[in-house]
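So the sequence shown is numbered by numbering that gives the first Met the number 0: it starts at 0 and just counts up by one.
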Amino acid sequence: MLNSVSLNSELLRLGQGDREDITAITNRLAARTKTVDVSVNTPRSSEQERALSSVNNLIEGVVEKMQEDMQAGKETCRRYLNACNPDQPDGPIDQRFQAQLIECTADDQKKIRRKLAQIIAQFERAERTFTPQW
0 MLNSVSLNSE
10 LLRLGQGDRE
20 DITAITNRLA
30 ARTKTVDVSV
40 NTPRSSEQER
50 ALSSVNNLIE
60 GVVEKMQEDM
70 QAGKETCRRY
80 LNACNPDQPD
90 GPIDQRFQAQ
100 LIECTADDQK
110 KIRRKLAQII
120 AQFERAERTF
130 TPQW
């Protein structure tokens, strides 16, 4: 954004002194923005921390299960994903997973839903890639 200001063709209409001032200001602002480190932390209670850890362990378990039995693992992952969408489930729901998920923060629930959808998409791509098309 700041680079577009310093490279703007409108600057050519200004005098040399004004151009130098604008360039100096944009360079100074650009240098300041490069020193800023933004980190976003989700505040969680101890119960939410435990629930998130439990959910992550369940997800890791289903990924390991997929390596042994892809279909069973994929079905378990789908039940987990359905638990994330209780209003519009696309099949059966894993009640134990849902109980842990409900204790997580809303932000964590969204991230978990995206993570599960990505896992399913990756395995579906892997199935298409490695399934012979005879």
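A virtual CB, placed ideally from N, CA and C, is assigned to each residue, including glycine.
Since the model is a prediction, treat every value here as computed from it, not as a measurement.
Coil, strand or helix - residue i by DSSP
{"i": "Ser44", "result": "coil"}
{"i": "Val61", "result": "helix"}
{"i": "Val37", "result": "coil"}
{"i": "Thr128", "result": "helix"}
{"i": "Asp86", "result": "coil"}
Boundaries of the alpha helix (DSSP H) in which residue i is found, first to last residue
{"i": "Gly16", "result": "15-33"}
{"i": "Thr75", "result": "69-83"}
{"i": "Ile101", "result": "94-101"}
Cβ-Cβ separation, residue j to residue i (assumed contact under 8 Å), whole Å
{"i": "Gly90", "j": "Asn81", "result": "5 Å"}
{"i": "Val54", "j": "Thr75", "result": "13 Å between Cβ atoms; not a contact."}
{"i": "Tyr79", "j": "Leu115", "result": "5 Å"}
Residue environment, residue i, which counts as buried when at least 16 other CB atoms sit within 10 Å
{"i": "Asp106", "result": "exposed"}
{"i": "Thr25", "result": "buried"}
{"i": "Ala23", "result": "exposed"}
{"i": "Leu13", "result": "exposed"}
{"i": "Arg77", "result": "buried"}
{"i": "Ala50", "result": "buried"}
Distance CB(residue i)-CB(residue j) smaller than 8 Å
{"i": "Gln47", "j": "Cys103", "result": "yes"}
{"i": "Gln117", "j": "Cys83", "result": "no"}
{"i": "Leu100", "j": "Ile111", "result": "yes"}
{"i": "Pro85", "j": "Gln97", "result": "yes"}
The ligand SAH heavy atom lying under 7 Å from the CB of residue i
{"i": "Ser53", "result": "With respect to the ligand SAH, the structure offers nothing, as it holds no ligand at all."}
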